[in-house]
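Under my numbering, residues 326 to 754 are what the sequence shown spells out, in order.
Notes to accompany the following structure.
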Amino acid sequence: MSDFVRNIFHALPPSVRMLAATAGGVRLRWRRYGPGFSRWVRLFQERQGWTRAQWDAYQRTELRTLLCRAAEQVPYYRSLVTNGRLSSSGGEVEQWPILDKQPVRARPLDFVGRDCRRGHLVHVHTSGTTGTPLLVLRSASTEQAWYAMFEVRVRNVWGVRWSYHLSRQFASAYADAITRFDARYFLGYTSALCALAQFVLESGRTDLRPKVVITNAEPLYAHQRALIARAFQCPVVETYGMTEMGVMAVSCREGYLHTWPDLGYLELVGSDDRPVPPGHVGQVVTTSLINREQMLIRYRTGDTAVGLPEGFECPCGNAAPALARIEGRSDDLLYTRDGRRIGRLDPMFKGDLPIREAQIIQEDWGRFVIRYVPGDGCRPAHEARMASALKARVGECEVLFEAVDMIERTRGGKVRAVVCNLRPHATPC
């Protein structure tokens, strides 16, 4: 929804807003789950038992077709062929240059095939967590295929069949509504589900017992998983994906994140754009195999993850490639004077710290602000613990604290765990 349309919507009388929202919901549901949805579901169900060899063969075939078509039909890649930077036959995907977000953000239509019916494409914007939202274009059929994948590989796996504006202020109302509707599973932003879980524990409610809780859009840290599991007494499943449809991964019962190989081809690269060894943190680079309208090949997502050893076989029996964990966004890092980049700061907030949410802000090389929502029993000694934990990671520094009622959300409703305000290319004094 554009800002113009959003402003008009909020200016409407409440009764008209309700009608408009209902009509919009019916339209979305038809687009996602209408005619053709069952056919996609059957197709993806047939692939559920595939071996690793079958997945590898599928990706090789799809990549070959995709690269040839991109070289012929997509203006951005066609220009690279003309300039001699790409082979007209497509070649191997590793030979293609890595694509950063700026060209896509500046000229999104340059990545749409000339053989596509552009006027029929669905326009979707990324949440723009750290900058300007990016326009993603795809057909209604592509979008329907994505939702069918989610149906087969997430909801059906946990026995459910066919959540994000939530804060502590509205937690009771949400809990009542969930009970009335007899919800079988919860799906939402990690921070929203944590707020609901905290309310359930504090209120002593025992009537919210879903089969599974599924987190998305934000990283799921160990202390958050424990909180949600304790509140709802059920498994907690982490998902990782993106609007650009380059990768989707879902945690199994063993804790590994299995990717969907028929959705996208995943690479983990270092700062030199070369593959990183297993067990090392790498930048997530994806090539969507499902979005054949807007082709983003070797697209640098801005996220980081850790891979598993070659030939790893998960005890859960799923043969699809898996990740050890998602580290977060490349922007979700703190920087030290000696040149280190620090991530995975969630251990600072685990254990018995009585805080509901927290955010670390780096104002300068040696100056940090910890903004947090205090829970019951929070005392100055707990601030000292957080400061000590941060210094153990980044070295001696100044740590300031701000106790707030709620951590500010991005325009997409997400909580940024880390905010780095260092100037680009700044150097320590």
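Glycine is no exception: its CB is placed at the ideal position from the N, C-alpha and C atoms.
Which of the three DSSP states is assigned to Asn-541 in this structure? strand
Straight-line Cα distance separating Ala-645 from Phe-557: 29 Å
Quick one: what does DSSP say Ile-423 is sitting in, helix, strand or coil? Collapsing the DSSP output to three states places Ile-423 in coil.
Taking Val-610 as the reference, which of Arg-356, Met-573, Val-537 and Gly-438 has the closest Cα? Met-573
Assuming Val-538 and Cys-559 are in contact, meaning their beta carbons sit under 8 Å apart, how far apart are those beta carbons, in whole angstroms? 6 Å
Ala-336 in three-state terms, based on DSSP: helix
Span of the beta strand (DSSP E), counted from its first residue to its last, around Ser-613: Here the beta strand (DSSP E) through Ser-613 covers 606–613.
DSSP-derived helix/strand/coil call for Pro-600: strand
Let me know the alpha helix (DSSP H) ranges lying completely inside the region 373–398, each 4 residues or longer, listed in chain order. 377–398
Within the continuous alpha helix (DSSP H) that includes Ile-503, where are the two ends? 496–506
If you draw a straight line from the alpha carbon of Gly-604 to that of Asp-677, how long is it in whole angstroms? 30 Å
Can you tell which of Arg-704, Arg-734 and Thr-661 has its C-alpha closest to the C-alpha of Gln-684? Looking from the CA of Gln-684, the closest CA among Arg-704, Arg-734 and Thr-661 belongs to Arg-734.
So, for Arg-578: in the same chain, excluding its five sequence neighbours on each side, which residues have a beta-carbon less than 8 Å away from its beta-carbon? So the qualifying residues of the chain are Pro-560 and Cys-641.
Do Tyr-472 and Arg-357 come within 7 Å of each other at the CB atom, strictly closer than that value? yes
In terms of DSSP beta bridges, what is Cys-519 paired with? According to DSSP, which records beta bridges pairwise, Cys-519 is partnered with nothing at all.
Quick test of the definition: if touching needs 3 or more C-beta pairs under 8 Å, does the region 628–639 touch the region 432–442? no
CB of Ile-615 within 7 Å of CB of Leu-588, strictly: yes
Separation of Val-729 from Asp-425, as counted between CA atoms: Those two C-alpha atoms are separated by around 36 Å.
Can you give me the Cβ contacts of Trp-487 inside the same chain, cut-off strictly under 8 Å, excluding the 5 residues immediately before and after it? With a pLDDT of 48 at Trp-487, under the threshold of 50, the modelled position of this residue cannot be trusted; read the value that follows with caution. Once the five neighbours on either side are set aside, the close Cβ partners of Trp-487 are Tyr-358, Glu-476 and Arg-480.
Among the candidates Leu-459, Ala-551, Asn-746 and Gln-379, whose CA atom is the shortest distance from the CA of Pro-428? Leu-459
Determine contact between the region 721–728 and the region 494–514, defined as no fewer than three beta-carbon pairs at a distance below 8 Å. Short answer: they don't touch.
Cα separation between Leu-526 and Ser-516? 15 Å
Kindly indicate the opening and closing residues of the beta strand (DSSP E) around His-583. 582–584
I need the DSSP call for Pro-287, collapsed to helix, strand or coil. Only positions 326 to 754 of the chain appear in this structure, which leaves residue 287 out of reach.
Quick one: is Ala-346 buried, meaning 16 or more other Cβ sit within 10 Å of its Cβ, or exposed? So Ala-346 counts as exposed.
Just to confirm before moving on: does the CB-CB distance between Ala-496 and Leu-521 stay below 7 Å? yes
What residue does the alpha helix (DSSP H) around Leu-552 start on, and which one ends it? 547–557
With Glu-708 as the anchor, note down where its alpha helix (DSSP H) starts and where it stops. Note, Glu-708: alpha helix (DSSP H), 705–719.
Would you say the region 616–627 touches the region 385–403, given that touching needs at least three Cβ pairs under 8 Å? As far as the Cβ criterion goes, the region 616–627 touches the region 385–403, which means the pair count is three or higher.
Other residues of its chain near Arg-342: CB distance less than 7 Å, five sequence neighbours each side excluded: Phe-334
Do you know whose CA, among Asp-663, Ser-713, Glu-723 and Gly-700, lies nearest Arg-692's CA? Glu-723
Among Glu-417, Pro-602 and Pro-360, whose alpha-carbon lies nearest the alpha-carbon of Thr-612? Glu-417
Smallest Cα separation from Gln-398: which of Ala-712, Leu-462 and Arg-439? Arg-439
Residues in the same chain with beta-carbon distance under 6 Å from Val-744, minus the five sequence neighbours each way, listed in chain order, please. Ile-686
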